[in-house]
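A quick write-up on the structure given underneath.
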Amino acid sequence: MMKQDSNPTTTTNHPSLATVCGQCGVEERKLLHNVRLRGNFRRLCSSCVLRLHPQCFCPACLGVYDRSPPDDAVVCYKCYSSSHPNCVSPPPAGTIASSRSPSPCSSCLNPSLLVFNPRRVENGTRNCARVIDSNAARLLLAAGKIASMSMNKAEVAAAMEAERRSKEAAYTKKRAREALDHVVKLMGNEKRVAVESDRKVCHVNNSNRVVAMTPAVDADVAVKMDGSNEVLKALNAVELEDNGLQAAGVSAESIVDGSQDDGMVVMEVDVGGKDSGLNSIDENGSVKNDDLVKSAPNCQEQSLEKVQAMAENNVSNPKN
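Laid out in structure tokens, this is it:
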């Protein structure tokens, strides 16, 4: 249900804009044309429609051109209207025929020809009746055709504009959807990183204080590096002891395990750079006739035991 205006304006004192020509301001209740002029929609009377579109019709015969004036049309040098060659009086003798007439058109010579003014007739009442004669009918028909052509062009332009805006809207919607997907992806990545960072916390000494896992990992790496340095020092000490034994004239180059027969192990040992042959070990595990050969493996075993003890100590008591 349409809402009515509480203070409607009376047409007697204040005529509505729908009944007034947008160009000359004459009040016309019925015979106003909707025209699109320079991108604006206006309501004009028949006379103003013809005056604002001089290139669309012949001012002499009031014939409306469908698309554009013919090529042989005669153009007025005042209003630039296009007239049919047959509707224009022939040029005087001795002048050169030209598309631009040397004399003005009929509407410039007689401006009242394009004025739509129906004849008023008394009918015995207060209101006078208006009668449209042949000249007024021709003016009204020409103005109606021009207004129809103008609105058809406006329809085509509106359709093109609507299509362009629909494409822009679809493209904008696509861009907005891509932007939303990108934001959702970034939020998911941030949430994943936050969850991973929460997992990388550990309790220290069963207390409420928590520390990040990364510093603890760094500390473990430092402890391992310190332990590896100590192991290297122990190995260097073993090499120094081996060098001392070699300087003393004893070298344990090869120790070959033999088959155990009756509790004896056969070993081949170099003493002072000479092959001493086969030495035997009795059931008690003592080596016969050579005390220097016994000392070399004992030194190596002691050094290896020291290295293992140091490694176990580093593992059991890591440095903070």
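Numbering of the sequence shown is given in full-length UniProt numbering, commencing with residue 1 and proceeding in unit increments. Ideal Cβ positions, reconstructed from N, Cα and C, are used throughout, including at glycine. Bear in mind that the values here come from a model prediction, so they are computed numbers and not experimental data.
Should residue i be labelled buried (16 or more other beta-carbon atoms within 10 Å of its own) or exposed?
i, result
"valine 256", "Per-residue confidence for valine 256 stands at a pLDDT of 37, beneath the threshold of 50, marking its modelled position as unreliable; the derived number appears in the next sentence. Result: exposed."
"residue 322", "Since the first residue of the chain shown is 1 and the last is 320, residue 322 is not available in this structure."
"histidine 53", "buried"
"proline 70", "exposed"
"residue 321", "Residue coverage of the chain in this structure runs from 1 to 320, which leaves residue 321 outside it and unanswerable."
"histidine 182", "exposed"
"valine 156", "exposed"
"valine 184", "exposed"
"arginine 51", "buried"
Are the CB atoms of residue i and residue j nearer to each other than 7 Å?
i, j, result
"isoleucine 132", "valine 49", "no"
"residue 327", "serine 46", "There is simply no residue 327 to check, as the chain begins at 1 and stops at 320 in what is shown."
"cysteine 56", "serine 83", "no"
"alanine 142", "phenylalanine 116", "no"
"arginine 42", "leucine 32", "no"
Expressed to the nearest angstrom, what Euclidean distance is found between the alpha-carbon atoms of residue i and residue j?
i, j, result
"leucine 113", "glycine 144", "17 Å"
"asparagine 110", "lysine 167", "51 Å"
"arginine 175", "serine 81", "50 Å"
"lysine 306", "lysine 191", "51 Å"
"glutamate 163", "arginine 120", "48 Å"
"glutamate 312", "valine 195", "36 Å"
"proline 72", "cysteine 87", "Here the sequence assigns aspartate to residue 72, which means proline is not the residue at that position. In a straight line, the C-alpha of aspartate 72 is about 12 Å away from that of cysteine 87."
"leucine 37", "serine 68", "17 Å"
"valine 193", "arginine 165", "42 Å"
"arginine 177", "glycine 39", "35 Å"
"alanine 159", "alanine 169", "15 Å"
"glycine 25", "lysine 173", "46 Å"
"serine 197", "asparagine 189", "12 Å"
"alanine 212", "glutamine 302", "Because the pLDDT of alanine 212 is 44, which lies under 50, any placement of that residue in the model is unreliable, and the number read from its coordinates should be weighed accordingly. Going from the Cα of alanine 212 to the Cα of glutamine 302 covers about 41 Å."
"serine 134", "valine 74", "25 Å"
"methionine 187", "arginine 199", "19 Å"
What residue from the options has the CA that sits closest to residue i's CA?
i, options, result
"glutamine 107", "Lys173, Arg119, Cys61, Arg38", "This sequence places serine at residue 107; glutamine is not what is there. Selected option, being the one with the closest Cα: Cys61."
"cysteine 79", "Pro104, Gly188, Asn117", "Pro104"
"serine 150", "Val64, Val74, Val88, Cys21", "Val64"
"lysine 30", "Arg199, Val195, Arg130, Glu155", "Arg130"
"aspartate 66", "Asn152, Glu161, Asn34", "Asn152"
Please list, in chain order, all residues of the same chain as residue i whose beta carbon is under 8 Å from its beta carbon, the five residues on each side excluded.
i, result
"glutamate 28", "Thr19, Val20, Cys21, Cys45"
"proline 118", "Arg130, Val131, Ile132, Asp133, Ala136"
In its own chain, which residues sit with a C-beta less than 7 Å from the C-beta of residue i, not counting the 5 before and 5 after it?
i, result
"tyrosine 171", "none"
"valine 35", "Arg42, Leu44, Val49, Ala147, Ser150"
Short of 6 Å in beta carbon distance, which residues of its chain neighbour residue i, apart from the five on each side in sequence? Order them along the chain.
i, result
"glutamine 23", "Leu44, Cys48"
"alanine 154", "Arg36"
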